[in-house]
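Report on one structure; see the data block that follows.
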Amino acid sequence: MSEDPFVAHRSLLFTVAYEMLGSVADAEDVVQETWLRWAALVDAERRWHGLLAAEGRPLRLHTDAPPRSVAGRFFGLVLTMLGRTRGYPCVGGGSGVLTQQLVERALARGVELRLGSRLDRLPAARRAVIGAVSVWELGSIVGRTSRVRPDPATLKVDWTLDGPVPWSAEAARRTPVVHVGGPGRFVLFGQYSMADPSRAPAGKETAWAYSHDLQSADAIEAAIEALAPGFRALVRGRREERLAPGRLNGGTARLTNQLVFRPRFGRPRFADGVYLASMSAHPGGGVHGAPGWLAAQAALREHR
Ligand SMILES: Cc1cc2nc3c(=O)[nH]c(=O)nc-3n(C[C@H](O)[C@H](O)[C@H](O)COP(=O)(O)OP(=O)(O)OC[C@H]3O[C@@H](n4cnc5c(N)ncnc54)[C@H](O)[C@@H]3O)c2cc1C
Numbered sequence: 000m001s002e003d004p005f006v007a008h009r010s011l012l013f014t015v016a017y018e019m020l021g022s023v024a025d026a027e028d029v030v031q032e033t034w035l036r037w038a039a040l041v042d043a044e045r046r047w048h049g050l051l052a053a054e055g056r057p058l059r060l061h062t063d064a065p066p067r068s069v070a071g072r073f074f075g076l077v078l079t080m081l082g083r084t085r086g087y088p089c090v091g092g093g094s095g096v097l098t099q100q101l102v103e104r105a106l107a108r109g110v111e112l113r114l115g116s117r118l119d120r121l122p123a124a125r126r127a128v129i130g131a132v133s134v135w136e137l138g139s140i141v142g143r144t145s146r147v148r149p150d151p152a153t154l155k156v157d158w159t160l161d162g163p164v165p166w167s168a169e170a171a172r173r174t175p176v177v178h179v180g181g182p183g184r185f186v187l188f189g190q191y192s193m194a195d196p197s198r199a200p201a202g203k204e205t206a207w208a209y210s211h212d213l214q215s216a217d218a219i220e221a222a223i224e225a226l227a228p229g230f231r232a233l234v235r236g237r238r239e240e241r242l243a244p245g246r247l248n249g250g251t252a253r254l255t256n257q258l259v260f261r262p263r264f265g266r267p268r269f270a271d272g273v274y275l276a277s278m279s280a281h282p283g284g285g286v287h288g289a290p291g292w293l294a295a296q297a298a299l300r301e302h303r
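For what it's worth, numbering that gives the first Met the number 0 labels the leading residue of the sequence shown as 0, then goes sequentially.
This is the structure in structure tokens:
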């Protein structure tokens with residue numbers, strides 16, 4: 000095999016380019032252009048670009064935007080860059096700890112919490128309402144319909160396992176999040192005890208997966224079994240949950256629902272004294288708190 004990584008991966012690059020462009024001539028042009036740019040880079044830059052190229056592609060499948068679309072590529076790149084520069088943090092003790100800490104913080108600031116009841120109309124006495132529910136839910140509360148297209152339904156499965164997942168690929172055995180791909184299927188798989196030992200007793204594992212494509216927990220297990228023979232035999236307990244469309248991201252991640260197209264971009268005010276603060280608002284789903292912060296800032300500006 001040639002010493003130069005570009006030459007060594009040339010045919011793979013051609014296949015990827017052809018898959019994206021659908022034309023031999025265009026794919027050859029792109030590979031040629033990439034070669035010229037590669038030749039002009041210094042070593043450190045080559046390493047960086049190589050990582051982005053290698054890792055950006057599976058990460059594009061994280062959203063419902065098609066992997067070859069501008070939005071799909073954008074997400075792949077952003078997630079790769081975040082992973083490379085910041086890593087993907089996970090919460091020690093499980094995500095419930097995050098909720099618990101937010102509750103403690105709110106209580107310490109005098110917030111009154113009422114749990115277990117569903118709100119179907121706005122409270123009578125109020126200065127401002129920060130609606131941390133989907134755009135459809137807030138719409139139904141204030142009596143307005145929303146035309147935002149939902150992201151697809153999701154099947155989520157949780158497992159308790161008798162041991163670590165026996166992935167054939169060595170790298171997958173030491174990474175907390177694994178992207179399982181293949182024709183017509185994408186499964187996101189999490190195995191966090193290697194990052195947070197409190198998730199499972201020593202020698203055991205807890206894992207979860209979700210998919211927008213596969214329709215049953217058995218199909219998800221089959222996809223994992225194909226890459227990790229022996230996985231099924233480790234399953235001790237399984238729980239599955241079907242999440243309705245829109246439940247994961249509060250609206251599609253396609254370009255038609257990003258930035259200025261996302262509901263209330265730059266203007267979180269939804270109705271008189273009501274602000275949209277959920278994953279439906281800019282910048283979209285994820286545990287980052289940005290929609291709530293933007294909505295709270297707008298409410299403070301207008302109600303001081
Ligand atoms: C399976 C899965 C995996 C994910 N993985 C990640 C990840 O790894 N990293 C990441 O950053 N993000 C992840 N996300 C996305 C992230 O969890 C969401 O984007 C985020 O939780 C959205 O926060 P939110 O406050 O807008 O909505 P939610 O967390 O959904 O909170 C809305 C709350 O409002 C309540 N509610 C709704 N309507 C009413 C009503 N009428 N009255 C009273 N209460 C109501 C709901 O019951 C809910 O408790 C994942 C999501 C899912 C579903």
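We treat Cβ as the ideally placed atom computed from N, Cα and C, and that holds for glycine. Values in this document were obtained by computation on a predicted structure and should not be read as measured data.
Y191 has its Cβ no nearer than 7 Å to any heavy atom of ligand 1.
When beta bridges are read from the DSSP output, F185 appears opposite G180. Put simply, the backbone Cα of T251 is about 30 Å away from that of E301.
E239 and D212 have their C-alpha atoms roughly 15 Å apart. With 16 or more other CB atoms across the displayed protein chains lying within 10 angstroms of its CB, L58 is buried. For ligand 1, a non-hydrogen atom lies closer than 7 Å to the CB of M278. A residue is called buried when at least 16 other Cβ atoms come within 10 angstroms of its Cβ; A26 meets this threshold and is buried.
Cβ neighbours of S197 within its own chain (closer than 6 Å, five residues either side excluded): G92. Around the Cβ of G245, a 10 Å sphere holds 16 or more other Cβ atoms; the residue is buried.
Check the Cα spacing between L293 and each of D271, A171 and R263: the tightest is with R263. In this structure, the CA atom of V156 is about 28 Å from the CA atom of H281. Restricted to the region 124-165, the beta strand (DSSP E) segments that are unbroken, complete and at least 3 residues in length are 128-130 and 153-160, listed in chain order.
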